[in-house]
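**Student:**
Structure below.
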């Protein structure tokens, strides 16, 4: 009963309160963890350069225009213009396990896109671009 | 368990707030054809020579380089075109109304090299995007340029510079 009431309250807040963030700090934290998880993939390679080139190629495939590339910091920023302008920042982080973590953050109207399908499609295209390199998760 | 239901409901309800179309991150149907138009395979090439030649060619075409990253094999360059008066009218007709009389156009070129896995070759990829701006500097239209002549002309010049006849992908 309590659970049903809580779900109803969240749905009510979401639909009638627009995009206002959840109030409970514990839920916010959990939400951030899940968001981080869907924005991140780990690839079974230690070739940072090949991953960076694969990301650029993927962004080209998705009709983004490369705005910035910082090899030292491992960040690539790109923009997609038009009716739905999207900004995408991808960060490459080598892990101690000879793997590479790729984190992508897409923004529309300066707000982070939280739709899991967006990131699934991006990483699916990246996986194709990297050919033999396997995504670990 | 209850906590996960809360989170799932939150994500589902908030994901609708992004407002972008479902296919915003989907590959276009023309992706493969576009890639073929934009890419070439240079056998036994030197990556540095390809990048240097690319910069020279783009500069000769009136572009100003924005990014030159030898580590990534990446070059981006921009060409600004101000259209006003009679010329703007002609541009408006030629671009089927994409650019109106008081608009500026920017053409953005992005060139990237990647080593071919099958041989000691380099695959190059070039994209041209036309960005149309109004008099306030706001983007009013963007298109990926698919003029075969434009890509062929660039690759003919690149081929002549590095003395290698590229293969199509």
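Protein chains in written order, with this note's numbering: chain L, 527 to 663; chain E, 27 to 195.
Every residue, glycine too, gets a C-beta built ideally from N, C-alpha and C.
Note that the coordinates shown come from a computational prediction; the quantities given were computed from them, not determined experimentally.
1. Using a Cβ cut-off of 8 Å, which residues of the segment 163-188 of chain E contact any Cβ in chain L, in chain order?
2. According to the neighbour-count rule (16 or more other Cβ atoms, all chains shown, within 10 Å of its Cβ), is residue 177 of chain E buried or exposed?
3. With a cut-off of 8 Å, do at least 3 Cβ pairs link the segment 579-594 of chain L to the segment 646-654 of chain L?
4. Would you tell me roughly how many angstroms separate the C-alpha atoms of residue 41 of chain E and residue 571 of chain L, rounded to the nearest one?
5. Identify the residues that DSSP records as bridge partners of residue 625 of chain L: which are they?
6. With a floor of 4 residues, list each alpha helix (DSSP H) that falls wholly inside the segment 549-622 of chain L, ordered by position along the chain.
7. Please classify residue 176 of chain E: does DSSP put it in a helix, a strand, or coil?
8. Since residue 134 of chain E contacts residue 166 of chain E with CB under 8 Å, what's their CB separation in whole angstroms?
9. Going straight from the alpha carbon of residue 543 of chain L to that of residue 146 of chain E, what length do you get?
10. Return the chain-ordered list of same chain residues with a C-beta closer than 6 Å to the C-beta of residue 85 of chain E, the five sequence neighbours on each side being excluded.
11. Using 8 Å as the threshold, is the C-beta distance between residue 101 of chain E and residue 77 of chain E below it?
12. Is there at least one Cβ from chain L nearer than 8 Å to residue 81 of chain E's Cβ?
13. State buried or exposed for residue 527 of chain L, treating a residue as buried only when at least 16 other CB atoms are found within 10 Å of its CB.
14. Taking only three categories from DSSP, how would you classify residue 72 of chain E?
15. Keeping to the same chain, check which residues put their C-beta closer than 8 Å to that of residue 656 of chain L; ignore five residues upstream and five downstream.
16. If you draw a straight line from the C-alpha of residue 183 of chain E to the C-alpha of residue 45 of chain E, how long is it?
**Tutor:** Looking at the coordinates:
1. 165, 167, 168 and 170
2. buried
3. yes
4. Note that residue 41 of chain E has pLDDT 48, beneath the 50 cutoff, so the model's placement of it is unreliable and the number below is only indicative. Roughly 31 Å between the two C-alpha positions.
5. L/621
6. 551-564 and 574-587
7. helix
8. Not confirmed; about 15 Å, so no contact.
9. Legend: pLDDT at residue 543 of chain L = 49, less than 50; position of this residue unreliable, value from coordinates given subsequently. Looking at the two C-alpha atoms, the distance is approximately 58 Å.
10. none
11. yes
12. no
13. Reliability of the predicted coordinates at residue 527 of chain L is poor, the pLDDT of 46 falling under 50, and the value obtained from them is presented with this limitation in mind. Looking at its Cβ environment, which holds fewer than 16 other Cβ atoms inside 10 Å, residue 527 of chain L is exposed.
14. coil
15. 569, 571, 576, 577 and 580
16. 43 Å
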